[in-house]
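Chemist:
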Amino acid sequence: MSRREAEQPEQADNAPPMVHTGARVRRNEDPRLLRGQGRYVDDIPLEGCVHGAFLRSTIARGRIVALDTTDAERVPGVLAVYTCDNIGGLDREMPLLIPHPCITHGRTQRPLARDDVYYVGQAIAFVVAVDRYVAEDAVSRISVDIEPLPVEVDMERAVEDGAPLVHPDVPGNIAASLVQHCGDADAAFERAEHHTKIRVQVDRSTGAPMECLATAARWDPVSGELVVWDGTQAPIGLRGALSSLFDLDEDKVRVIAPDVGGGFGPKIHFPYANEVLVPLAAMQLGRPVKYIEDRSENFVHMSHERTQIHEIELAATKDGEVIGLRDVFLHDTGSFIPYGIAVAQVASTAIAGPYRIPNIEVEFRCVYTPTVPVTPYRGCGRPQANFALERAMDQLAEELGIDRFEIRRRNLIADDEFPYKREGLIFADGLPVTYDSGQYGAALALLEKELDLPAFRAEQERARAEGRWLGLGLSFYVEGTGLGPYEGGRVRIHPITGKVYVNTGLTTQGQGHATSMAQLVADQLGVAVDDVIVVEGDTGVYDWGVATFASRAMVVSGSAIHKAAVKARERVLEIAANMLEVDPADIELKDGAAGVRGTATTIPLAAIATVSNPLRYAFNDAAQIATQFAPASKGDGPPLQGDSRPGIETEQFYSPPHATWAYGVHAAIVEVDPVSYDLQVKRYVIVHDCGKMINPMIVEGQIAGGVASGMGGAFYEKLEYEANGNLRNASFMEFLMPYATEVPHMEMHHLETPTPLNPIGAKGAGEAGTIPVAAVIASGIQDALAPEGIGPLWHVPLNPSVLHDAVREARSR
Amino acid sequence: MTSSTYRSPVNDDPTLDISLVVNGRPVEASVSPRLLLSDFLRHHLGLTGTHVGCEHGVCGACTVHIDGRAARSCLTLAVQLDGATVRTVEDLEGPDGSLSPVQEAFRDCHGLQCGFCTPGFLMSVTALLDEDPDVADASDTEIRERIAGNLCRCTGYQGIVAATRQAAETIRDAKEQADVPTRG
Ligand code: FES
Ligand code: FES
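Chains A and B supply the protein sequences, listed in that same order. Take the first sequence: its position 667, counted from the start at 1, is 1158 in my numbering, and no numbers get skipped. Take the second sequence: its position 111, counted from the start at 1, is 134 in my numbering, and no numbers get skipped.
1. Which residue's Cα is closest to the Cα of residue 792 of chain A: A:613, A:715 and A:1257?
2. CA-CA distance, residue 1130 of chain A and residue 1075 of chain A?
3. I need the DSSP call for residue 703 of chain A, collapsed to helix, strand or coil.
4. Give the interface partners of residue 1236 of chain A over in chain B, defined as CB-CB distance under 7 Å, in chain order.
5. What in chain A is Cβ-close to residue 81 of chain B, meaning under 7 Å?
6. Please name the residues in the region 689-707 of chain A whose beta-carbon is closer than 9 Å to at least one beta-carbon of chain B, in chain order.
7. May I have the straight-line CA-CA distance separating residue 1096 of chain A from residue 712 of chain A, to the nearest angstrom?
8. Shorter than 8 Å from the beta carbon of residue 176 of chain B to some beta carbon of chain A?
9. Can you give me the start and stop residues for the beta strand (DSSP E) that residue 781 of chain A sits inside?
10. Taking the beta carbon of residue 494 of chain A as the centre, do at least 16 other beta carbons fall within 10 Å, making it buried, or is it exposed?
11. Within the structure, which residues are defined as neighbours of ligand 2 by a Cβ-heavy atom distance below 7 Å, reported in chain order?
12. Would you say the beta carbon of residue 1238 of chain A comes nearer than 7 Å to a heavy atom of ligand 1?
13. Counting only the same chain and skipping the five closest in sequence on each side, list residues whose C-beta sits under 7 Å from that of residue 1043 of chain A.
14. If we define contact as Cβ-Cβ less than 8 Å, is residue 130 of chain B a contact residue for chain A?
15. Kindly indicate the opening and closing residues of the alpha helix (DSSP H) around residue 1057 of chain A.
16. To the nearest angstrom, how far is it from the Cα of residue 502 of chain A to the Cα of residue 1060 of chain A?
17. Taking the alpha helix (DSSP H) that residue 169 of chain B belongs to, which residues open and close that run?
18. Relative to chain B, which residues along the region 740-753 of chain A have a C-beta separation below 8 Å, given in chain order?
19. By alpha-carbon positions, which one of B:109, B:105, B:80 and B:106 ends up nearest to residue 95 of chain B?
20. Does at least one heavy atom of ligand 1 sit under 7 Å from the Cβ of residue 13 of chain B?
21. Where does residue 624 of chain A sit, in a helix, a strand or coil, going by DSSP?
22. Less than 8 Å between C-beta atoms, sequence neighbours within five positions excluded: which residues of the same chain meet that for residue 950 of chain A?
23. Pull up the CB-CB distance for residue 1194 of chain A and residue 1239 of chain A, whole angstroms please, since I reckon it's below 8 Å.
24. If you run the structure through DSSP and keep just helix, strand and coil, what is residue 509 of chain A?
25. Please classify residue 1007 of chain A: is it buried, with 16 or more other beta-carbons within 10 angstroms of its beta-carbon, or exposed?
26. Assign residue 1263 of chain A to buried or exposed, taking buried as 16 or more other Cβ atoms, counted over all protein chains shown, within 10 Å of its Cβ.
27. Terminal residues of the continuous beta strand (DSSP E) containing residue 1237 of chain A?
28. Would you mind reading off the limits of the alpha helix (DSSP H) that contains residue 1296 of chain A?
29. Taking only beta-carbon positions, decide if residue 786 of chain A is within less than 8 Å of chain B.
30. Would residue 905 of chain A and residue 932 of chain A be called neighbours here (beta carbons separated by less than 8 Å)?
31. Give the residues of chain A in contact with residue 72 of chain B, contact being defined as C-beta atoms less than 8 Å apart.
32. With 8 Å set as the bound, which would you pick, yes or no: does the beta-carbon of residue 85 of chain B sit closer than that to a beta-carbon of chain A?
33. Does the region 997-1012 of chain A come into contact with the region 513-526 of chain A, if we say contact requires no fewer than three beta-carbon pairs (one atom in each stretch) closer than 8 Å?
34. Which word fits residue 1099 of chain A, buried or exposed, when buried means at least 16 other C-beta atoms lie within 10 angstroms of its C-beta?
35. Does the CB of residue 102 of chain B have a neighbour CB from chain A at under 8 Å?
36. Helix or strand or just coil, what does DSSP make of residue 194 of chain B?
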């Protein structure tokens, strides 16, 4: 594990030492989770709770000609059966969350199908019964007759004339299309000495969090409050949607994301059918209602991602300098486009990666197919763009006879070129792509050194002589992280315990916010990390903010919390200075107390917090000091003067000027078995730079998890739709998610180039690991099988039978 | 002794009586024949530490110990458990509330993120180390093979592999220390 420090962001005069920030601190959240005391939605004890189950379409595209729920209603224990006809105002198309002018034909689905079904898995009816077993029994007694309509699940054929339409009023199945330009691609292609054009394809996958979707709701008729526990990444957004749909005051709807068993993107989308029908049933039945999605439903209900087909073309000089790039791609959005063009837009703006490439033209079309809707999944279009670009770079290197490392080196943006702007490419935050900082060349050099290329080349030669297939693959990626619009942070010192309470508007699904955010605060206030209690994901506690997505939590919320902690520190120092009658500069905050430097005098934070809150009642001994007649309260004028507020509580917001760009380069040494065509990854080496790392252990965990998903997308995981729109492998038995045996050990090396865009210097890390893996693996296998002369590997996931066919085909040539 | 009737709320559903030991405590129950052990533990005994990730026997999140061996509670019916001894994640910590060596190692090695797969992994690894203390000397590849019955989507397994090795070493060291006086 190596780690190279760039210079730290400048420290303010009175800044505290960074003891916890940057350290491998064990997580605050772990003891509870390890003891089985996690509280996921299905663990919330709700007295008298009843359970929901869905009837889902088994037909991709069809018309509902008959739907009869009478038998289901008669099943003992059934409390309600909902269809589109008895859900009142909910029978409407759900919101299109991110509108964009290029979406000419935006379509979103209804909670329960009306007249038509659009994909296998679409919800048609919702049964509520005394338990899940009975609810599922009743679902099986609903009779539904669906007349199938013609379908085309292949995206390229779906855009052809005469293809069956998913939505009859959407010509060509095109939901949206967009062309973006940076520089002058035409002129660059004109002037180039060499053109390389390839077609690449990435197939459909799913986030597959270990906890499926889950919603529970309770309606309190006394307070008129609706409480919803939901496995979501966006409780504040969901609260807004529920208030609007049910016409309730926002303060009367509380959405809580308790422990959430993984998110990875699909849980940023809302509202799913369960997220509106469970609250509806709870309000109508006057009893708590719960819906826990099972795994087979998750495969056909929760959003998918990834299918894209790119035709990418590079214009280069003979020396391998890439001066122009054109990319035209199709993006499969499934049957609806509820999250707008986010995935396609991110792919299109990441298309030039870490390279200078000054002239770019990129065009995409979002295509409806009668399949599960598509919204972001870890990587969000970046893995596809990276696969297209990096396979094209390998191809260009091959055609020009330049080494793969060398061609990259020649095109990387140099350190002194930052900030590097791609005028005309508008990123997902609505702003032009601007890379803020990086040491791309150093990253590549470090990777080469760690790989020990001469040694590898010698080994490869030996291996080839023995008929073994050994190869090396690499991929360099960038990731725009930390999108706005903003997040908030609130810091409060508890007057009784002296513990520090921190709130923000995010959720966590395993990223360790309760630790990393606490580290930032602990340093400012001189307290132990486990004395900082981070509470998020509950609109009843804090409801300013957006959500957890786009590797933005530390960048945006972390910055807001840091700013609030700095303010809290100022306030503590000011009050302590008063109490101790010294200059604030002479005070240090340490071990939960304020002390005068060089003396033994200290006052605990609890006492400082107590004094800062003018009291009437001495409810405990400590409180005496803040009551009216205590000496400390003596003073002129009212106890709270000017704009001051009681207690130590600060709130700050951070709104990024634009995204901050993390990056990294991965390489793998792979071997393919000549008999079984199994893949063995012998080494997996990562150089990664997400700016200042607050907790390197957590960063490495994020990378490792990302690489594991990436391995799935490179070689194992593929959702296989049959021609009739049925999803063939909707279970963990047939969708091959990697076990420990399919994921390599990862060697990780860090650079830390701080971003100038935020006060903590951090860039996002959540999705990084996933992005380059497919390109790394394909590049490595291509190299391994080079002696066989196989054709190009431009389609992932690969698998043993694809490789077997490629070798057979090459040998028969 | 916990004794109660867990009857399907729908009245004409038949029930069967079972008596078993869960985390050291005797339990008697009258349950519907189709009730899964995972649901029995979670919703009837309130032991929600056991998680359900697939309900088709692939992910291992629901792993518990039945008569000392790791088993998938989503593939087991509660009525099959008559006379059995069941142990769940809630029983791993020591009598003084300290984390077990396996739990401690998961914390040290960042072997968990969202925590959803974690109880299943803890039960699988605990059973593995009970059976085979020599895992401490195993190669990484061998450890990966031994834990390849559980899925995790968050960690990429790197921390889990490290935690398994650390726990194996801790347990072996503790055994060796305990053995020293008798050898002497
Ligand atoms: S829930 Fe039992 S194996 Fe997945
Ligand atoms: S920690 Fe989230 S699935 Fe393993």
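Yeah, the Cβ is synthetic: ideal placement off N, Cα and C, and Gly gets one too. Only a predicted model underlies this, so the values are computations on that prediction, with no experimental measurement involved.
Modeler: So, from the listed chains and residues:
1. By 1-based counting over the first sequence, the position of residue 792 of chain A is 301. For residue 792 of chain A, the closest of A:613, A:715 and A:1257 by C-alpha to C-alpha distance is A:613.
2. Taking the first residue of the first sequence as position 1, residue 1130 of chain A is located at position 639. Taking the first residue of the first sequence as position 1, residue 1075 of chain A is located at position 584. Cα to Cα, the separation comes out at about 21 Å.
3. Position 212 of the first sequence, counted from the first residue, corresponds to residue 703 of chain A. When DSSP states are grouped into helix, strand and coil, residue 703 of chain A belongs to the coil group.
4. The residue you call residue 1236 of chain A lines up with position 745 of the first sequence. The contact set of residue 1236 of chain A on chain B, defined by CB atoms closer than 7 Å, consists of 163 and 181 in chain order.
5. Along the second sequence, read from residue 1 onward, the residue named residue 81 of chain B stands at position 58. For residue 81 of chain B, the chain A residues whose C-beta falls within less than 7 Å of its own C-beta are 1223 and 1224, listed in chain order.
6. Those residues of the region 689-707 of chain A that come within reach of chain B (Cβ to Cβ, closer than 9 Å) are 698, 699, 700, 701, 702 and 703.
7. The residue given as residue 1096 of chain A occupies position 605 in the first sequence. The residue given as residue 712 of chain A occupies position 221 in the first sequence. Approximately 41 Å, taken between the alpha carbons.
8. Locating residue 176 of chain B in the second sequence gives position 153, where the first residue counts as 1. Cβ-Cβ to chain A under 8 Å: yes for residue 176 of chain B.
9. Against the first sequence, residue 781 of chain A aligns to sequence position 290. Its beta strand (DSSP E) spans residues 780-783.
10. Translated into the one-based positions of the first sequence, residue 494 of chain A becomes position 3. The pLDDT assigned to residue 494 of chain A is 47, lower than 50, so where the model puts this residue is not dependable; a value taken from the coordinates is nonetheless given after this. By the Cβ-count criterion, residue 494 of chain A is exposed, with fewer than 16 other Cβ atoms from all chains shown falling within 10 Å of its own Cβ.
11. That gives A:701, A:752, A:753, A:1001, B:135, B:136, B:137, B:138, B:139, B:140, B:141, B:175, B:176, B:177 and B:178.
12. The residue you call residue 1238 of chain A lines up with position 747 of the first sequence. Between ligand 1 and residue 1238 of chain A, a heavy atom-to-CB distance of less than 7 Å is absent.
13. As a working note, residue 1043 of chain A is residue 552 in the first sequence. So the qualifying residues of the chain are 972, 973, 974 and 1255.
14. To locate residue 130 of chain B, count along the second sequence from 1; it is residue 107. Interface criterion met: the Cβ of residue 130 of chain B is under 8 Å from a Cβ in chain A.
15. To locate residue 1057 of chain A, count along the first sequence from 1; it is residue 566. Residue range 1050-1071 is occupied by the alpha helix (DSSP H) that includes residue 1057 of chain A.
16. Residue 502 of chain A sits at position 11 when you count from the first residue of the first sequence. Residue 1060 of chain A sits at position 569 when you count from the first residue of the first sequence. Low local confidence applies: a pLDDT of 47 at residue 502 of chain A is under 50, so the model's placement there is unreliable, with the coordinate-based value given in what follows. Distance between the alpha carbons of residue 502 of chain A and residue 1060 of chain A is about 15 Å.
17. Start at 1 with the first residue of the second sequence, and residue 169 of chain B comes out as number 146. That run of the alpha helix (DSSP H) goes 163-169.
18. Legend: CB atoms of the region 740-753 of chain A lying less than 8 Å from CB atoms of chain B belong to residues 750, 751, 752 and 753.
19. Along the second sequence, one-based indexing puts residue 95 of chain B at 72. For the residues B:109, B:105, B:80 and B:106, the minimum Cα distance to residue 95 of chain B belongs to B:80.
20. Because chain B is modelled from 24 through 207, residue 13 of chain B falls outside the range shown and cannot be assessed.
21. Along the first sequence, one-based indexing puts residue 624 of chain A at 133. Three-state DSSP puts residue 624 of chain A in a helix.
22. For the purposes of this step, residue 950 of chain A is identified with residue 459 of the first sequence, where counting begins at 1. 961, listed in sequence order.
23. The count along the first sequence starts at 1 and reaches residue 1194 of chain A at position 703. The count along the first sequence starts at 1 and reaches residue 1239 of chain A at position 748. 6 Å between Cβ atoms; contact.
24. Against the first sequence, residue 509 of chain A aligns to sequence position 18. Three-state DSSP puts residue 509 of chain A in coil, outside helix and strand.
25. Mapped onto the first sequence, residue 1007 of chain A falls at position 516. Per the 10 Å Cβ criterion, buried.
26. To locate residue 1263 of chain A, count along the first sequence from 1; it is residue 772. With 16 or more Cβ atoms within 10 Å of its Cβ, residue 1263 of chain A is classed as buried.
27. Numbered from 1 along the first sequence, position 746 holds the residue referred to as residue 1237 of chain A. Start and end: 1237-1243.
28. Translated into the one-based positions of the first sequence, residue 1296 of chain A becomes position 805. In the DSSP assignment, residue 1296 of chain A falls within the alpha helix (DSSP H) that extends over 1291-1303.
29. In the first sequence, the residue the question calls residue 786 of chain A occupies position 295. Judged by the 8 Å Cβ criterion, residue 786 of chain A is in contact with chain B.
30. Position 414 of the first sequence, counted from the first residue, corresponds to residue 905 of chain A. Position 441 of the first sequence, counted from the first residue, corresponds to residue 932 of chain A. Taking 8 Å as the cut-off, the beta carbon of residue 905 of chain A is found closer than this to the beta carbon of residue 932 of chain A.
31. Sequence index remark: in the second sequence, residue 72 of chain B carries index 49 (1-based). Within chain A, the residues near residue 72 of chain B are 526, 527, 528 and 529.
32. Numbered from 1 along the second sequence, position 62 holds the residue referred to as residue 85 of chain B. Cβ-Cβ to chain A under 8 Å: no for residue 85 of chain B.
33. Yes, since at least three Cβ pairs between the region 997-1012 of chain A and the region 513-526 of chain A fall closer than 8 Å, the two stretches touch.
34. Looking up residue 1099 of chain A in the first sequence gives position 608. Under this definition residue 1099 of chain A is a buried residue.
35. For the purposes of this step, residue 102 of chain B is taken as the residue at position 79 of the second sequence. Not an interface residue.
36. As a position in the second sequence, residue 194 of chain B is number 171, starting the count at 1. Helix.
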